[in-house]
Amino acid sequence: MPGYRDLFDASIADPETFWAQAAQAVTWTRAPQTILDDSRPPFYRWFPDGELNTCANALDRHVDAGRGDQAALIYDSPLTDGKRTFTYRQLRDETARFAGVLRGLGVGKGDRVVIYLPMVPEAVIAMLASARLGAVHSVVFGGFAAHELAARIDDARPAAIVTASCGIEPTRIVDYKSIVDAALDLADHDTPACVVLQREQAPCELVAGRDVAWTDAMADAQPVDPVPVAATDPLYVLYTSGTTGKPKGIVRDNGGYAVALLWTMRHLYDVAPGEVFWTASDVGWVVGHSYIVYGPLLAGATTLLYEGKPVGTPDAGAYWRVVAEHGVKALFSAPTAIRAIKKDDPDGTHLDRHDLSGLRYLFQAGERLDPATYHWAVEKLGIPVVDHWWQTETGWAIAGAPMGVEAMPLKAGSATVPMPGFDVHVLRPDGTDCAPGEEGSICVKLPLPPGTLPTLWGDDERFVASYLSAFPGYYLSGDGGHFDEDGYLFVMGRTDDVINVAGHRLSTGAIEAVLATHPAVAECAVIGAADDLKGQVPRGFVVLKSGASADGLVGELVSAVRNTIGAVAALKRVDVVAALPKTRSGKILRKTMRGIADGRDEPVPSTIEDIGVLEALTPILRS
């Protein structure tokens, strides 16, 4: 196999040939003759005359190839003490029958299905069943408030909704059905049908004439064969987290997505058919779409669906138990999860209680992997810890280390190198390229590769305004960072996390990297607070490791930042806090924290994990 540099150069010099070769791994009902339609920039489309069914590629073709008895999906739920394994044949059959349920409710090709489910196998089945019909699914993270769900219903205008009676958290039961009922009361769009999965922990009442229980609907459902669709037809719409007002629906097409994800499973994640791949995320996020559901199943691997937490279900050894018990080869999680484990078990004592000899890689994404957490994981696990960077909009990694191609040297704090197809540039405000080490806006030269968003749902104008207008000919990622002399990309955070201290532009990510190196610090956040004299000054917030002392800590942290970054950083205040406010996907709510610190009446994002954490922090932010 060619090395990374050869693959990357080929993808940039001749993208059509590169992706035509990758597309041969997909089973098409009509193979594409045209690889890239560039007739209407900036609206590029991949494989425009191709035809396929993504569900058939994820399930049927593996059964047809004689691998129907291989495990496709493992469900592990420490929250319910439940475990189930579906073979490819079983998952295909369940999916085909649920597609029959949806068809019986009037769902057809091009219709939308809103899915509001917890981390249960039925969520995967509902997604795949929608794809089987040629319908467009829109998964909304379970637990979103009724107002946010209503906004997404009104934007997607679904023919049906699939939900559950409840979701289960470590300390509470979440009444999903009441949220859905309230959302439907708020929404202008009238959804005619609602399929409800009754969970024994909290069954619910059904609305006569609208609701049908999952088990009742499946009892006499007839299986449906896959419906071929155009490669450019939408597979799903996924609304970005934290949206306010009109939701921003990221569109994902069928053909480009299938081609890109298959390529990544082999080349980026080094996962082959039959191997176990565990993405410790949620199907409500893009990571769950790409690497709990579609990527592993397209590749014929075994995917793991985990209904639990990294700590507290029951302890900081939860992940290692799952890895050992199910023979996981590669684990993909957010850095927040590893920091939570490190906080509760800084010495890694739980690791010694499980056989992790089969674990070859730990992949990290969703937020920046700080060097301190990187080094802890490398030391404790003794395997490559691969930070890689991507977005809801891109659907797969913009930058990473292609472990299936070559074992590249990894650098703490870096997402390694751009993936084939992503012509990444770090740009100054005038559109020129930054020098190595110089921070700027991370952008990708058009056209974006297959699998990335072709537009926003029903809003081409907003697509261009949001992503393509700041630097014509480039996709604006919204993240800032720099390349080093070796061409390694360092993503330092959102560009609105760059602060201006007395005329000096500083990355809050760089200051956080210094704070995180202190042995007492489990995790941290730095925001830029308004200052009458300097415009902005940084404020630090740190969470301590279990058993660590705060005595003398603030002075040590201030000195470390001064010594590493310089006096210009002007960090003088660091608060020790019990927890940091985060989204359910693990991202720290820095923008919200900054607004509160500046005295604004900041709206609370719908994606917040625990409102109590933000409420406890608010008096500190305003002091």
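One point on numbering: in full-length UniProt numbering, the residue at position 511 of the sequence shown is 511, and numbering is uninterrupted. Cβ coordinates follow ideal geometry from the N, Cα and C atoms, glycine included.
Check this for me: beta carbons of residue i and residue j, under 8 Å apart or not?
i           : j           : result
residue 525 : residue 476 : no
residue 546 : residue 314 : no
residue 361 : residue 403 : yes
residue 32  : residue 50  : yes
residue 633 : residue 386 : This structure cannot settle anything about residue 633, because the visible part of the chain is limited to 1 through 623.
residue 586 : residue 334 : yes
residue 250 : residue 453 : yes
residue 26  : residue 259 : yes
residue 48  : residue 324 : no
residue 618 : residue 588 : no
residue 528 : residue 573 : no
residue 542 : residue 514 : no
residue 582 : residue 602 : no
residue 290 : residue 261 : yes
residue 440 : residue 428 : yes
residue 354 : residue 320 : yes
residue 446 : residue 474 : yes
residue 423 : residue 12  : yes
residue 489 : residue 559 : no
Could you give the distance in angstroms between the alpha-carbon of residue i and the alpha-carbon of residue j?
i           : j           : result
residue 7   : residue 420 : 7 Å
residue 551 : residue 492 : 29 Å
residue 182 : residue 606 : 15 Å
residue 283 : residue 563 : 43 Å
residue 365 : residue 156 : 28 Å
residue 72  : residue 442 : 37 Å
residue 246 : residue 458 : 11 Å
residue 243 : residue 539 : Because the pLDDT of residue 243 is 38, which lies under 50, any placement of that residue in the model is unreliable, and the question is left without a value.
residue 273 : residue 105 : 35 Å
residue 417 : residue 199 : 44 Å
residue 52  : residue 339 : 41 Å
residue 464 : residue 151 : 22 Å
residue 265 : residue 561 : 40 Å
residue 253 : residue 308 : 30 Å
residue 214 : residue 281 : 24 Å
residue 401 : residue 388 : 7 Å
residue 590 : residue 375 : 24 Å
residue 372 : residue 517 : 5 Å
residue 193 : residue 101 : 11 Å
residue 201 : residue 120 : 13 Å
residue 143 : residue 153 : 15 Å
residue 54  : residue 211 : 28 Å
residue 336 : residue 30  : 43 Å
residue 358 : residue 86  : 22 Å
residue 536 : residue 600 : 15 Å
residue 46  : residue 15  : 11 Å
residue 204 : residue 179 : 12 Å
residue 460 : residue 125 : 31 Å
residue 391 : residue 279 : 16 Å
Opposite residue i in the DSSP bridges: which residues?
i           : result
residue 326 : None, per the DSSP bridge assignment.
residue 137 : 113, 236
residue 169 : 172
residue 425 : 443
residue 486 : BP columns for residue 486 are empty, so no partner.
residue 474 : 445
residue 387 : 364
residue 461 : Per DSSP, none; premise fails for residue 461.
residue 121 : Answer is none; residue 121 lacks a bridge partner.
residue 374 : According to DSSP, which records beta bridges pairwise, residue 374 is partnered with nothing at all.
residue 582 : 588
Residue i and residue j look like a contact to me (Cβ under 8 Å); what is the Cβ gap, rounded to whole Å?
i           : j           : result
residue 226 : residue 132 : 5 Å
residue 456 : residue 248 : 6 Å
residue 75  : residue 67  : With 8 Å as the limit, residue 75 and residue 67 do not qualify as a contact, their Cβ atoms being about 20 Å apart.
residue 138 : residue 257 : Rounded, the Cβ-Cβ distance is 15 Å, inconsistent with contact.
residue 494 : residue 481 : At roughly 10 Å, the Cβ-Cβ gap does not stay under 8 Å, so residue 494 and residue 481 are not in contact.
residue 197 : residue 117 : 7 Å
residue 304 : residue 276 : 6 Å
residue 553 : residue 577 : That pair is no contact at about 12 Å.
Using a beta-carbon distance below 8 Å, is residue i in contact with chain B?
i           : result
residue 125 : No chain B is present in this structure, which holds just one protein chain.
Practice item. Spell out a yes or no on whether the segment 159-171 and the segment 111-120 are touching, meaning 3 or more CB-CB pairs, one atom from each, closer than 8 Å. Key: The segment 159-171 makes contact with the segment 111-120; the number of CB pairs closer than 8 Å reaches 3 or more.
Check your understanding: Do the segment 180-199 and the segment 139-150 touch if we need at least three Cβ pairs shorter than 8 Å?
Key -> Segments in contact, yes.
Review point. Counting Cβ pairs, one atom from each stretch, are 3 or more of them under 8 Å apart for the segment 167-186 and the segment 91-102?
Key: The segment 167-186 makes no contact with the segment 91-102: fewer than 3 CB pairs, one atom from each, lie closer than 8 Å.
Check your understanding: If we count Cβ pairs, one from each stretch, closer than 8 Å, do we get three or more for the segment 385-398 versus the segment 613-621?
Key -> Counting Cβ pairs under 8 Å, fewer than three are found: no touch.
Check your understanding: Pairing CB atoms from the segment 38-57 with CB atoms from the segment 209-222, are three or more of them under 8 Å?
Key -> Flag = no, the segment 38-57 and the segment 209-222 do not touch.
Review point. Contact between the segment 51-70 and the segment 294-309: three or more CB pairs below 8 Å?
Key: By the C-beta criterion, the segment 51-70 is judged to be in contact with the segment 294-309, since at least 3 inter-stretch pairs fall below 8 Å.
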